[in-house]
Amino acid sequence: GQSLEQPSEVTAVEGAIVQINCTYQTSGFYGLSWYQQHDGGAPTFLSYNALDGLEETGRFSSFLSRSDSYGYLLLQELQMKDSASYFCAVRSPGDDKIIFGKGTRLHILP
Amino acid sequence: DTGVSQDPRHKITKRGQNVTFRCDPISEHNRLYWYRQTLGQGPEFLTYFQNEAQLEKSRLLSDRFSAERPKGSFSTLEIQRTEQGDSAMYLCASSTIGQQGAIYGYTFGSGTRLTVV
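For the protein sequence lines, the chains are C and V, in the order given.
If you read the first sequence in our numbering, its first letter stands for residue 1047, the second for the next number, and so on.
If you read the second sequence in our numbering, its first letter stands for residue 22, the second for the next number, and so on.
Structural data, given as structure tokens:
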């Protein structure tokens, strides 16, 4: 089976940097994705890591260590609009769907 | 193309009634997925289609649930004899399957929020 663990909530201050961690257990591994979901909205794709290392997209970066079955999402220069839930997700070889973690609720303080 | 569309956005129904939701995927996507999401949880996989073929169903999908994608375009998810435990957001996503099984463009709709009273 597959399982993902991420903190349920994280709080940070506007303008700061925050890191959301994700550990996973899968039978095989294609890559780790991150999604953002605002209240009442659809999950939207943020990033994907198939190989070890850091991927940067604007204020957001995502990191993967396959040997540690671990990844994180880094959000810089936090803005109030970044208040949302963030989900890590994995897909395993031979599996044609993406499985999501339970999500991390990010609270941003002014 | 305006992305993945779901209808209705909200549905309130009495326990025991049947409900049906519709999903219109991105037109060039051949894969369509249904997920269920409850408050404070991540999306949980229910089932998926490649074109009109239903290729996998989760154990979460009891026999009261049925999904179809008759022409390989839009899909419907029906819940019969609804129970209060069925209250959730039902999300649809679509994607393209490429070479060597790579999935591209996994895109979600805004969901249908079901409340069973």
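Ideal placement from N, C-alpha and C gives every residue a C-beta, glycine not left out.
- Beta-bridge annotation (DSSP): Arg43(V) is paired with Asp28(V), Thr97(V).
- For Gly106(V), the secondary structure class from DSSP, reduced to helix, strand or coil, is helix.
- Counting every other CB atom within 10 Å of its CB across the protein chains shown gives Gln105(V) a total below 16, marking it as exposed.
- Comparing C-alpha distances from Arg43(V) to each of Arg30(V), Glu65(V), Asn51(V) shows the shortest one belongs to Arg30(V).
- One Cα belongs to Glu99(V), the other to Ser115(V), and the distance between them is close to 18 Å.
- When beta bridges are read from the DSSP output, Lys78(V) appears opposite Thr68(V).
- Annotation: the continuous beta strand (DSSP E) that includes Val1059(C) extends over 1055 to 1059.
- No Cβ-Cβ contact shorter than 8 Å links Leu1110(C) with Ile1154(C).
- Only those residues of the segment 1079 to 1107 of chain C whose C-beta falls short of 9 Å from the nearest C-beta of chain V are listed: Ser1079, Tyr1081, Gln1083, Gly1086, Gly1087, Ala1088, Pro1089, Thr1090, Phe1091.
- Taking a beta-carbon distance threshold of 8 Å, Gln62(V) counts as an interface residue toward chain C.
- For Ser94(V) and Asn51(V), the gap between their C-alpha atoms comes out near 8 Å.
- Runs of the beta strand (DSSP E) spanning 3 or more residues and lying entirely within the segment 1065 to 1103 of chain C occur at 1077 to 1083, 1090 to 1095, 1099 to 1103, in chain order.
- In this model, Glu1101(C) and Arg85(V) are separated by some 43 Å (Cα to Cα).
- Under the Cβ criterion of 8 Å, Tyr111(V) is not counted among the residues facing chain C.
- Around Ser1115(C), the same chain offers Thr1069, Tyr1070, Gln1071 as residues with beta carbons nearer than 7 Å, after the five sequence neighbours per side are excluded.
- Taking the beta carbon of Gly1147(C) as reference, the chain V residues within 9 Å of it are Gly63, listed in sequence order.
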